[in-house]
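Single-structure report; data block below.
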Ligand SMILES: Nc1ncnc2c1ncn2[C@@H]1O[C@H](COP(=O)(O)OP(=O)(O)OP(=O)(O)O)[C@@H](O)[C@H]1O
Ligand SMILES: Nc1ncnc2c1ncn2[C@@H]1O[C@H](COP(=O)(O)OP(=O)(O)OP(=O)(O)O)[C@@H](O)[C@H]1O
Ligand SMILES: [Mg+2]
Ligand SMILES: [Mg+2]
Ligand code: NI
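Residue numbers (my numbering), protein chains in the order written: chain B, 92 to 663; chain C, 277 to 589; chain F, 184 to 520; chain E, 32 to 355; chain Z, 926 to 1245.
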């Protein structure tokens, strides 16, 4: 199998020479399977999931986890996240014409039995590009399609660049040819939208439509049967699934708090869960479960609010007089954090200190030893002293160079793995270098609220901790683009613009050139510090031993439909 | 002109009424007039619920007066009756039925007796102490009672304490609302004796409220018989006990047990007769709405409500 | 029932309550008998043990903190020895009881008819209809106004008089040979009292029951009783036929009581002087002298030697018993020989 | 969280009692007045004497005093920032020399958190009890004594507060109040529970005010406020004591409950509720007992002894019942 | 009686009005405006304007109140901000669970309280009574969440008798019996938690009610009638003693509301209590407002039920 190499310390800090441990990504069993059965999946979360079952509208990572059962991309991809030809659809790229032609297999069906045609792919583009579209997907990638801008601005009724040939053939023309087109989850949208179900709903209403929440129609091996919004979902096998009816009868997903999931897995109450790294010590030796692991395609970081979004133009404006505007201050805050220590002590090495924004699963994108902040409080203090942040009034905290009191509000999402502890520790470390940092709103903030506060540039937040989920395409334009609404730091920079343009340019189709630009871009981040990358995480899956054929490998072509159980009840 | 004049006194209580039904009033006292002179004792007799206590309480200002006047020494005090300190207040005091309830269980006897002194007199500590001891002695209680609590006394003693409190300000008038009805015979006699003695000493008057005709006879010069908030008959002792005119009065008197078991049957027959007469003719003594009529004088002292009895003289 | 045997015979009855680990006699050496068709009045001041005596006869005391000894002979049975189940057959059926406060003695949540019927339920084999019939009969018998209406009402809807009549209806429902009425008229007006007393004597006349009437009102005694027992501090101090007692009271306590009573009937003295007062207070249960005459302390001018060491009942004339010998030398203070 | 409910129930019970009593009295043609209702008189000193005889009560009281002493003196040895100091190397350290009661998930000293948290809870609970006590008893006295329109209006108001789902409203208010600190917190916790109390005291006052000693005071010319304070209140003293001890127990519990839900006092303060929340994790519950068990025991012991003291006081009051 | 019941219902109207006004006021005070949930961050300005125009914010408060209350009455509670879906759907999916929990909790609490209360009252002073009182005090002193945690630990993880969390959705294929069993199984611990901590008050009330009733004169009357002791207890003592408990039954509903929040939180029970807490966390005000209304209504119904039960059960109140 495909083995990921991970670091694990043995808990002894002085001996930080890492012990190398390998996690399996595939779980198998020779025991005979029972027919059907119900698999119980614990969705480990502190808050509830939002429950929008549509890749076009969903913004919630828990929803994404849930859609893994019910929605499948029409393309398959390989370990390097490059699209391949053995999914529901095949494609042909024409570099000269800058087109991609998509061919669907015959007789594909939605989970409600309706025929799945290329028209549904077109429909996805039409909705995303629609002026009333309320989701967050529309951006440079979509604007890159010929005719999309006109359609988006309402001057055209159709997207001229997308041409439906017949029920199974469609061609998309692009303005620019760029590397994301080859990337899974990249520039070629791979999730059709069921026109037959949603057509009657105005695009502006769609995000709130009950159809997407209660009877979502998808292409995946399972479909939603019953749902308690935010709490649990019961999936049933989708008999129209293109690879044939899945082996399991049902999958029951329930939200389980990180605090209890370990005991629940031990007691055999659930079959599968993504475990909190911070209690690895507790569950690593349970013998009724098998642990699988893979690197998560995400980077945890600390972001600084540096400006605001102009609502009219949608452009991000850097505010040079903002509290965090001084790069020295940001650097000092970065050097004050001992993430290596946190990773080792709190996460048993299952999270590694990040020295760049691109996660290591994308090999070659962030291998630069010289980058990254390591714990250096002396340097942090020096930086602050030099920049004029001094404690003049003797209250133990530094003031701004102008002598104003400097109170920094730090915000974080509630419910992550040991977040409370990490956040409290960060604050403590910042206080140690004389910065008056406190928790914005006094407590950790619930997911939705947190994102709304960031999106609306709430003045209550100066610094925040968040996670950047790259998805399968490491392209950072969305996170750092000048006109991206998801650029929560509101950091803009000429050089950054240039580099992002290069990333999105045709020239970078060459892999080595691409890597080079990514490295350069990351070096810029290191200098400017709009964000401090903190951790790369490992996802640990605990799987009850009655589960057969479970596979978490990126690019694996076999999914939930092949999973079987070997006994009626989970093994305790 | 009496010391205390009560004119057409009415006390009505609002009744809790049912949903959507109109508000009704309960006429606990429904127009009575009394003229009380100094040095005389008055009795107020009637069955339970006839409004006797309400009259007493209205006079000392414990009830809201619906209509009528209370005139003290020639001045109308009706409006001022709720006021805390007035000559009327000071000179008209009250003793209550149940000494257990009328003495604050949380206060020492000394405090209880000195309370009115405190409010009305500007006594010094010693003067007050002296007066309290005087009062205690008057009701036959030892000095060490001062520091004790009410529950340390028997019912009779407590009632004497209440008496001491009532007369502490040397009032001209004391309203005694069934002061002995919860007491045993022997104790009752004792309290009544003290009341008499104090009356002689202080020259005060009692308005004696009771349903025990024996006690009233013992204590009072003039008495009123009450029925449904009105007077049915008014007269001196002679008039009421020896020459009752109203059938209600007669019935009341005949119902009193006779201490002569030898004549039991006779007494019983008499009572039966009056009872049947009462059943027949009580109606005719009342106005159409069941209200007792106004008092009509029979003699200088004797008055009876509504229709004079058949043997009108 | 043996000929000449009284209906109910009580011998040397003691009822003691437990208070702080000690037992105190609230009823102390009480003996008397009750004949058929007789009203026996028991008089005495508050706290002298009248109610305790009544409830002892009916067997209502909690065994856990009372101690009862002596004999209560009814139909050759000593009731004290009966177990609960047997006692339940006697209660209500053979002994009816009327209580002092008719409001609290009736269950506020049950209608009058339910409460009257309940007696019949446990002491007769009547059918439902028969019982209903009997209930209305009883209500007519005790002369409540509007018997039918009353039957369906709840106690709080009735007047005090009607309540007490219902109480009597309950007591006489099974036509028991013995009725015990504990101060049945104390909480009522005199006019009502007279009628209730009439009702009781009618019941006696109709059923021939023996009635024990407990009261503290000598007037009531004079009105209705055939025989009287005077109680003081847990003991009977004098028993006599009613006329004897009022004409020739013997025991100093009886005499004092009679003397201290203000009288409504009878002549009007021109100036009704002071009433007679018994000195001192009734001793409380815990302060009772263990030995000697219990009334001695209240007539201190009588020499100690006039009392008996342990006072016994003495028959001084037929049916007239007096406790202790002090009555022989008793004079009121200031009274000439 | 149930404190307002219990107060409500108490209030409703009292109301019911008076209602039934007034029904009985209204129709009651007994020779005596309304003050027939048996009057329970409790002599406070007698009560204390009785209390002292009650072994369990004395033990409970002793325990309570000891615990309070421990909490208040013990907490002097800690300060907030020191207690909240994170020490990742000592996560879930078991009890030992450096941390007497071990540490929590972030290596914070448990003992310090318990002591400081208990102090906060007790102070907050007491403040709420005192506040609601003053309001509830005060309004109850006024309303019950004066009766009439004032009474009707006040009681309607109290009724309309009692109908509210108080526990939920408190949570909502806690969530939306912008200025959230110790004082607003206490105000919010007090916002509803005074109502039931005032009902209890209003009804008791009404019963009390019907007694003749109050009338006697009035005829003696004593002014109304004095009558309320010096005549009636002393007669309610045992009720005050009992009611207050029980409220105190409930209020302390409620403070902990709110912080358990994460809606208590601002995060930066050590709190028992926070410690107890760790125990939701079965892992912590079973393996890191020191995090939650001492806190539970302490608070349990405090509440239990308050309850026992309250009950013993009630018993003492009952034992000293005397017919006035 | 009908008079009184009718009057009680009439009284409900101003109460409901007052309560809804209070909630409205709170809703106004809550941060955000009625548009929260409709406007999605990142939405472009024109659509924001359009939405804003559709909801008139400049009306005087009473017009807005009327609008608001008609919406609420017609079951339109607005959109949840967290879930971006109609609040009534969110609540609808959960309220059944809470009703089940309420029903079984209250039932269980009476099943515990009544026998124990009767026993302790009847045999007061006995060993059993002492034990019951001791346990009672413990349950008074233990906050409900500690009770819950102890039960989870004991029954869930030590004895492994009951599931400790949630209320899973079951595929229909498993049959009615399995569905019911699943439900009861998952209700066991939460309901027991409530019952254990709520029965304490009722046990105490019942006990003292019985002790009080035992001393009443009418009990003596009943005994003097020759009524067997067990029936004296049943017909006379217990009926009178249960009056306070019955009349407070409605307040147990309000009590349940408070407790259910803790219980659902700890047991991850997908009811409206958990929704309430998570909505408070995320400041999802449209949900909070809707739940407040529901809770308020339940509390009001509770008091009405109490009063009606009392009216039916107690003739003294019924007939005035
Ligand atoms: N505060 C009150 N509110 C309403 N009704 C009252 C009130 N006080 C007295 N009443 C009613 O007024 C009537 C007269 O009452 P009052 O107490 O004056 O009678 P009474 O003659 O003193 O009777 P008793 O002999 O029982 O003392 C009664 O029907 C009584 O029920
Ligand atoms: N259950 C009891 N426990 C302890 N002492 C009691 C009990 N019942 C009565 N006593 C006491 O026994 C004595 C006699 O009481 P009892 O009630 O028999 O007197 P009584 O003559 O009926 O008085 P009253 O005229 O007041 O009814 C009293 O001192 C009383 O305090
Ligand atoms: Mg009166
Ligand atoms: Mg008696
Ligand atoms: Ni003698």
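The beta carbon of each residue, even a glycine, is placed where N, CA and C say it ideally should be. In this text the structure is predicted, and so the values were computed from the model without any measurement.
Proximal chain Z residues relative to residue i, where beta-carbon distance stays under 7 Å
i	result
residue 280 of chain F	1149
Contacts that residue i makes with chain Z (C-beta to C-beta distance below 9 Å)
i	result
residue 248 of chain E	Within chain Z, no residue comes near residue 248 of chain E; the closest Cβ sits about 30 Å away, beyond 9 Å.
Within chain E, the residues that residue i reaches when beta carbons sit closer than 7 Å
i	result
residue 336 of chain C	250
residue 1162 of chain Z	Ordered by position in chain E, no residue passes the 7 Å Cβ test against residue 1162 of chain Z, which lies about 17 Å from the chain.
Cβ pair residue i, residue j closer than 7 Å
i	j	result
residue 437 of chain B	residue 369 of chain B	yes
residue 196 of chain F	residue 217 of chain F	no
residue 478 of chain B	residue 552 of chain B	no
residue 1122 of chain Z	residue 1029 of chain Z	no
residue 332 of chain E	residue 98 of chain E	yes
residue 447 of chain B	residue 613 of chain B	yes
residue 150 of chain B	residue 311 of chain B	no
Within chain C, the residues that residue i reaches when beta carbons sit closer than 8 Å
i	result
residue 123 of chain E	Per Cβ cutoff of 8 Å: no residues; residue 123 of chain E is ~56 Å from chain C at best.
Paired residues, beta bridge with residue i - DSSP
i	result
residue 1246 of chain Z	In the structure displayed, chain Z extends from 926 to 1245; residue 1246 of chain Z sits before or after that span and is not available.
residue 502 of chain B	B/555
residue 579 of chain C	C/510 and C/573
residue 470 of chain C	The partner list for residue 470 of chain C (beta bridge, DSSP) is empty, contrary to what the question assumes.
residue 624 of chain B	B/392
residue 301 of chain C	C/290
Chain-ordered neighbours of residue i on chain F, where CB pairs are closer than 9 Å
i	result
residue 547 of chain C	377 and 381
Q: Please determine if the segment 1110-1118 of chain Z and the segment 1217-1225 of chain Z are in contact, where contact requires at least 3 C-beta pairs separated by less than 8 Å.
A: No, because fewer than three Cβ pairs between the segment 1110-1118 of chain Z and the segment 1217-1225 of chain Z fall closer than 8 Å, the two stretches do not touch.
Q: Pair every Cβ in the segment 1023-1035 of chain Z with every Cβ in the segment 154-171 of chain B, then say whether three or more of these pairs are closer than 8 Å.
A: Taking 8 Å as the limit for Cβ pairs, the verdict is that the segment 154-171 of chain B does not touch the segment 1023-1035 of chain Z.
Q: Could you please go through the chain and list the residues whose beta-carbon is closer than 5 Å to any non-hydrogen atom of ligand 2?
A: Qualifying residues come out as F/200, F/209, F/229, F/230, F/231, F/232, F/233, F/234, F/235 and F/468.
Q. Between the segment 522-541 of chain B and the segment 1193-1210 of chain Z, do at least 3 Cβ pairs fall closer than 8 Å?
A. Contact holds: three or more Cβ-Cβ distances are below 8 Å.
Q) Okay, do the segment 357-369 of chain B and the segment 189-200 of chain B touch, 3+ Cβ pairs below 8 Å being the bar? A) Counting Cβ pairs under 8 Å, fewer than three are found: no touch.
Q.
Using a Cβ distance threshold of 8 Å, determine whether the segment 198-208 of chain F contacts the segment 238-248 of chain F, with at least three qualifying pairs required.
A. At 8 Å Cβ cutoff, the stretches touch.
(Q) Check whether the segment 1041-1060 of chain Z and the segment 298-313 of chain E are in contact - that is, three or more C-beta pairs closer than 8 Å. (A) Segment contact: the segment 1041-1060 of chain Z against the segment 298-313 of chain E, fewer than three CB-CB distances shorter than 8 Å; contact not assigned.
Q. Below 8 Å, can you find three or more Cβ-Cβ pairs linking the segment 136-146 of chain B to the segment 246-262 of chain B?
A. The segment 136-146 of chain B makes no contact with the segment 246-262 of chain B; the number of CB pairs closer than 8 Å stays below 3.
Q: Examine the Cβ distances between the segment 192-207 of chain B and the segment 248-268 of chain B and report whether three or more of them are shorter than 8 Å.
A: Cβ pair count under 8 Å is three or more, so yes.
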